[in-house]
Every structure is written in C-alpha cells, then in structure tokens.
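Here the sequence shown stands for residues 358 to 456, where the numbers follow the numbering used here. Here a beta-carbon is modelled for each residue, glycine too, at the ideal position from N, C-alpha and C. Notes to accompany the following structure.
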Amino acid sequence: MSKYLKIYEALCPDDPISDDDPRLPGILAEMRDIHCAPTEEDAIKVIEWWQAWPNSWHLIPEEFVRDARAMMRGEMPIRSTKQRQYGEKYVATGPQQQE
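Below, the structure written as structure tokens:
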C-alpha cells in the first residue's frame with residue numbers, strides 16, 4: 358500500500374479506499390501534491406475543493422495538511438485519527454472502555 362494512501366486513510370478513517378475505487382488515482386495525486394507543495398498555503402489549495410470541513414477529525418483544512426505533512430516527513434507516526442483520539446484500544450466499532 359502506498360505511503361500516501363496509508364496517510365490518507367489514517368487521516369480520513371471513515372473513508373476507506375479500495376484498490377478498485379475510481380477516486381484512488383486522484384487521491385494519491387493530491388496527497389503527493391500536498392507533500393511536494395512548497396508552502397502550507399499551497400498544500401491547502403490542493404484540497405480546498407473538498408469542502409469537507411468541519412468534520413469529525415479536522416475542523417479546518419490546515420489541520421489535515423499539517424498532520425499529513427508531519428506524517429510524510431516522519432515527524433508523526435502514521436496512525437488513524439481515531440487511534441490518536443482514543444488510544445490503541447480503538448476498534449472498528451468505536452472507542453472502548455479503558456481498563
């Protein structure tokens with residue numbers, strides 16, 4: 358699996374992408390463009406058209422871009438937003454009680 362796809366799925370845990378998803382090439386290109394953008398502002402322009410904010414995981418596109426670029430630079434582990442919010446005990450059905 359592509360690093361860009363892993364990062365996208367970590368940041369958008371409610372939007373899994375299958376190998377035959379017609380959006381896959383576009384999403385990979387956008388994630389690459391976020392990575393290669395010279396500035397954060399340029400990276401935000403790549404995804405502004407999504408108009409997906411606020412959502413459960415990112416209030417503004419700047420949060421998505423900052424997390425994505427940090428993961429791409431290796432400054433943040435590639436973990437789902439849900440795992441970061443609830444910890445490792447998160448499973449697909451939602452947050453579990455901490456022991």
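Boundaries (first-last residue) of the alpha helix (DSSP H) holding residue i
i    : result
H415 : Element bounds for H415: n/a, residue is neither H nor E.
I374 : First-last for I374: undefined, no H or E at that position.
A367 : K360 to L368
Per-residue DSSP class, three states only, for residue i
i    : result
A432 : Just to set this straight, residue 432 is Glu in the shown sequence, not Ala. Coil at E432, not helix or strand.
P382 : helix
C393 : helix
A459 : Nothing about residue 459 can be read from this structure; the chain reaches only from 358 to 456.
A400 : helix
Member of the options whose CA lies at the smallest distance from the CA of residue i
i    : options                   : result
E405 : C393, P434, K363 and F421 : F421
D424 : W407, E397 and Q408       : E397
Q400 : R389, W410 and A409       : Sequence inspection shows Ala at residue 400; the Gln mentioned does not correspond to that position. Checked all of R389, W410 and A409; the closest Cα to A400 is R389.
V403 : W414, E419, S413 and N412 : E419
K395 : Y361, R426, L362 and S359 : The amino acid at residue 395 is misidentified as Lys; the sequence shows Pro. Checking every option, the nearest Cα to that of P395 belongs to R426.
P370 : I391, E432, H415 and D376 : H415
Contact belief for residue i with residue j at Cβ below 8 Å, rounded distance in angstroms
i    : j    : result
A367 : M428 : 7 Å
Check whether residue i and residue j have beta carbons under 7 Å apart
i    : j    : result
W410 : I417 : yes
W435 : I384 : Sequence inspection shows Ile at residue 435; the Trp mentioned does not correspond to that position. Against a cut-off of 7 Å, the Cβ pair of I384 and I435 comes out as no contact.
I391 : L381 : no
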